[in-house]
Amino acid sequence: METDRSGETAINIIPGTKANGKGKAPVVVSSTKAVEQPKGGLKKGIAICDFLLRLCAIGAALGATATMGTTAETLPFFTQFLQFQAQYNDIPAFQFFVIANAIVAGYLLLSLPFSIICIIRPYATAPRLLLVIFDTVMAGLTIASASASASIVYLAHYGNPNTNWLAICQQFGDFCRSVSGAVVGSFIAGAILMVIIVLSAFALKRS
Numbered sequence: 001m002e003t004d005r006s007g008e009t010a011i012n013i014i015p016g017t018k019a020n021g022k023g024k025a026p027v028v029v030s031s032t033k034a035v036e037q038p039k040g041g042l043k044k045g046i047a048i049c050d051f052l053l054r055l056c057a058i059g060a061a062l063g064a065t066a067t068m069g070t071t072a073e074t075l076p077f078f079t080q081f082l083q084f085q086a087q088y089n090d091i092p093a094f095q096f097f098v099i100a101n102a103i104v105a106g107y108l109l110l111s112l113p114f115s116i117i118c119i120i121r122p123y124a125t126a127p128r129l130l131l132v133i134f135d136t137v138m139a140g141l142t143i144a145s146a147s148a149s150a151s152i153v154y155l156a157h158y159g160n161p162n163t164n165w166l167a168i169c170q171q172f173g174d175f176c177r178s179v180s181g182a183v184v185g186s187f188i189a190g191a192i193l194m195v196i197i198v199l200s201a202f203a204l205k206r207s
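In UniProt numbering, the protein residues as written are 1 to 207.
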């Protein structure tokens with residue numbers, strides 16, 4: 001019996017020897033090959049990065065949602081009967097922003113168990129493929145809402161003389177700073193989702 005380096009074990013029988021007291025030796029060939037299971041270190045590392053990036057994206061999306069949803073400013077005047085107030089729900093683009101980022105944050109939270117499955121089973125393709133599909137949809141939703149809100153923020157900062165839209169950030173400074181920060185947070189969440197998609201696609205390619 002010999003064992004080679006590849007893990008294959010073979011039983012060699014010398015011709016002409018007797019077995020069980022008979023003249024003919026039974027021809028017995030037994031070969032077993034040890035199948036080496038790939039360790040999957042690279043895929044597991046990608047899955048761990050995926051999980052950590054999802055946590056970061058949750059923080060960015062939740063921060064953007066909370067910041068925009070609580071943004072309001074009232075200008076002080078001599079009388080309480082004459083006040084100017086700016087709120088996020090006065091602008092439909094900001095309302096869409098809050099709803100979209102809340103949906104993205106909820107999805108990312110629900111996707112964490114699937115990301116953990118990819119860590120435990122780095123060669124499982126079904127959960128990773130499912131995540132890639134929904135991550136792409138959520139990345140598009142995040143970037144769309146952030147882009148729509150960014151255009152409103154630009155008008156708030158600089159206005160548009162051709163359409164007689166006045167810049168309001170000189171009066172509502174705190175309001176503009178809050179919505180600007182929320183938009184930046186949403187863009188960060190969208191960028192993280194794009195990185196997650198690229199990592200997942202790379203892991204699927206090497207399956």
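We treat Cβ as the ideally placed atom computed from N, Cα and C, and that holds for glycine.
Check	Outcome
Does any heavy atom of the ligand ATP sit closer than 8 Å to the C-beta of Lys44?	The model depicted lacks the ligand ATP and carries no ligand whatsoever.
How do the region 147-157 and the region 86-94 stand: do at least 3 beta-carbon pairs fall below 8 Å, yes or no?	yes
Residues bridged to Gln85 by DSSP?	Thr74
If you follow the alpha helix (DSSP H) that Tyr107 is part of, which residue opens it and which one closes it?	Pro92 to Ile120
Using the rule of at least 16 other Cβ atoms within 10 Å of the residue's Cβ for burial, across every protein chain shown, is Asn101 buried or exposed?	buried
Compute the Euclidean distance between the alpha carbons of Gln170 and Ala105, then round it to the nearest angstrom.	32 Å
If you check the beta carbons only, do Leu52 and Arg128 fall under 9 Å apart?	no
Going by alpha carbons, who is nearest to Ala144 out of Ile46, Ile99, Cys49 and Ala72?	Ile99
Just to confirm, is the Cβ distance from Ser186 to Ala146 under 9 Å?	yes
Return helix, strand or coil for Asn160, following the three-state DSSP convention.	strand
Of the residues Thr65, Ala64, Gln85 and Ile119, which one's Cα is nearest the Cα of Ala72?	Gln85
Using the C-alpha atoms, what's the distance from Gly69 back to Asn89?	8 Å
Rank Ser200, Leu130 and Thr65 by C-alpha distance to the C-alpha of Ile103 and give the top, closest one.	Thr65
Rank Cys176, Asp135, Val137 and Ala201 by C-alpha distance to the C-alpha of Tyr158 and give the top, closest one.	Cys176
Taking C-alpha atoms, which residue in Asn160, Lys44, Ile192 and Ile58 lies nearest to Ile120?	Lys44
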